[in-house]
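Under this note's numbering, the residue at position 14 of the sequence shown is numbered 17, and the numbers go up by one with no gaps. First up is the structure itself, then whatever we jot down about it.
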Amino acid sequence: MTSWPNLMSQNSYWYQDYFYKRYHINFQGGSTQEPILASMACNRLHNGLHYFRGIFRNKDGTHKSIVPALGSEHEKWLYKDFDFQAVLRRLSGACNYCGTGNAKDWKDIRFQPIRSSELPEGLLFLETKDLRVASHFKFGVLLCKKNQHLEEDMFCNESGDEDYNRFLSLLGDKVSLCGFTKFSGGLDAKGNTTGTESVFTNHRGYDIMFHVATLLPHNPHERQQLHKKRHLGNDIVMIVYQEEGSEPYIPSCVRSNFIQVVIVVRKVEKVEGKGETYYRVNVVRQADTPPFGPPLTYPPVFKHSPDFRNWLLSKAVNAELAAYRSKLFIQQHRPTNKTYLSEVCQKYIPPGIATPVQVVRSNKSSGERTSKVAHKATKTAAFIKQKYGEYSSLFEPPNA
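In structure tokens form, the structure reads like this:
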């Protein structure tokens with residue numbers, strides 16, 4: 004049974020937001036050649052229940068998970084006789100289930116708690132190097148007219164019909180590139196060398212710039228339109244808009260080593276007597292890109308509406324976050340991850356520093372600390388609801 008995780012829930016700096024300068028325990032496991040650094044904390048979420056939150060860092064990247072505290076675990080977890088190994092096994096086992104992907108089975112690894120007042124600074128630094136956390140995105144948009152099958156024909160399109168322009172307006176606002184100060188997605192905001200206009204939007208706090216093929220400069224003397232493909236071919240996610248009556252789109256028609264996910268949106272016939280526009284959507288991903296939400300409805304037909312816009316943009320953002328967890332990206336970034344991880348271990352974890360227990364505590368008094376934690380929990384709950392809306396229950400297991 005396939006799960007469709009909302010990866011946007013993990014697209015944040017967990018250590019900074021939920022661990023740093025709070026009660027938590029850091030651990031070391033693995034070997035000197037392939038170390039694993041883990042962090043564990045117990046949080047009380049907005050639903051009043053307690054959860055253990057875990058972060059596991061190895062050469063393949065950062066893996067995050069969250070599991071409910073069983074019984075009175077949330078009261079006992081700071082005591083020396085607490086079985087933190089059991090909780091770590093549950094957290095590591097939940098990594099794949101929660102959509103982080105590629106986490107090894109660490110059930111047999113013995114994690115040792117670490118006592119180091121400087122390690123949190125190293126882990127904070129390590130988190131800033133996490134390539135899986137993104138604050139902005141760039142997606143390609145390619146127009147496929149009726150009876151077009153070759154990428155050359157699609158990239159040669161200079162404009163679309165009224166329905167196509169209406170679809171672009173659903174994605175975002177058309178903006179002038181010259182002098183544009185927000186995220187430009189690699190487009191020229193000074194000299195208009197990549198066109199004068201593009202489509203931009205902000206979705207759930209993420210800036211999104213679209214590389215719209217019909218808005219990029221067109222060279223009438225060049226069949227392949229390499230200038231356009233240079234942008235769309237280097238995007239991880241591409242949205243293909245098909246005119247009504249088009250034949251099924253073949254994802255392999257656009258040759259690219261970088262595109263991991265293609266979202267095909269085809270306009271379908273309007274409902275008789277209502278004059279409403281509907282789209283049939285198909286999503287294709289590379290074999291090693293893990294599944295991602297939100298799931299397609301059945302049948303996969305959406306009405307032109309704000310709800311469809313929310314679904315489509317969430318799907319595109321999740322698609323890129325899922326691609327970061329594919330074997331291709333992991334292999335590309337493994338040497339960099341391994342280097343940063345080794346540097347943190349050598350600098351902040353001297354030999355023989357592991358001890359029976361290590362709790363990172365706040366310097367504040369007990370009463371003041373309790374008040375601060377309660378205030379922070381309320382603030383965190385409000386932040387989650389404001390930023391993620393319908394995803395405010397994002398810490399629940401994904402729907403199958």
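Note that the Cβ used here is the ideal one computed from N, Cα and C, for glycine as well. Keep in mind the model is a prediction, meaning the values are calculated, not measured.
- Sequence-distant partners of residue 330 (beyond 5 residues in either direction) whose C-beta falls short of 6 angstroms from its own C-beta, in its chain, are 291.
- The beta carbons of residue 29 and residue 127 sit no closer together than 7 angstroms.
- Excluding five sequence positions before and after residue 327, the CB atoms of its chain that fall closer than 7 angstroms to its own CB belong to 134 and 135, given in chain order.
- Under the DSSP definition of a beta bridge, residue 49 lacks any partner.
- In the displayed model, residue 309 falls within a helix according to three-state DSSP.
- Unbroken alpha helix (DSSP H) stretches of 4 residues or longer found wholly inside the region 93-173: 122-131 and 154-158, given in chain order.
- Rounded to the nearest angstrom, the gap between the Cα atoms of residue 80 and residue 41 is 16 angstroms.
- Judged by DSSP secondary structure, residue 345 falls within the alpha helix (DSSP H) whose first and last residues are 330-351.
- Burial check for residue 332: the Cβ neighbour count within 10 Å reaches 16 or more, so the residue is buried.
- Here residue 83 is exposed. Its C-beta has fewer than 16 other C-beta atoms within 10 Å.
- In this structure residue 242 is buried. Its beta-carbon is surrounded by 16 or more other beta-carbon atoms within 10 angstroms.
- Ranking 164, 68 and 54 by CA distance to the CA of residue 74 puts 54 first.
- Boundaries of the alpha helix (DSSP H) around residue 230: 229-235.
- In the DSSP assignment, residue 76 falls within the alpha helix (DSSP H) that extends over 76-79.
- With a cutoff of 7 angstroms on beta-carbon distance, residue 203 and residue 175 are scored as near each other.
- When rounded, the separation of the alpha-carbon atoms in residue 344 and residue 352 is 11 angstroms.
- In the three-state reduction of the DSSP assignment, residue 320 falls in the helix class, which pools H, G and I.
- With contacts defined by Cβ atoms closer than 7 angstroms, residue 281 and residue 170 do not form a contacting pair.
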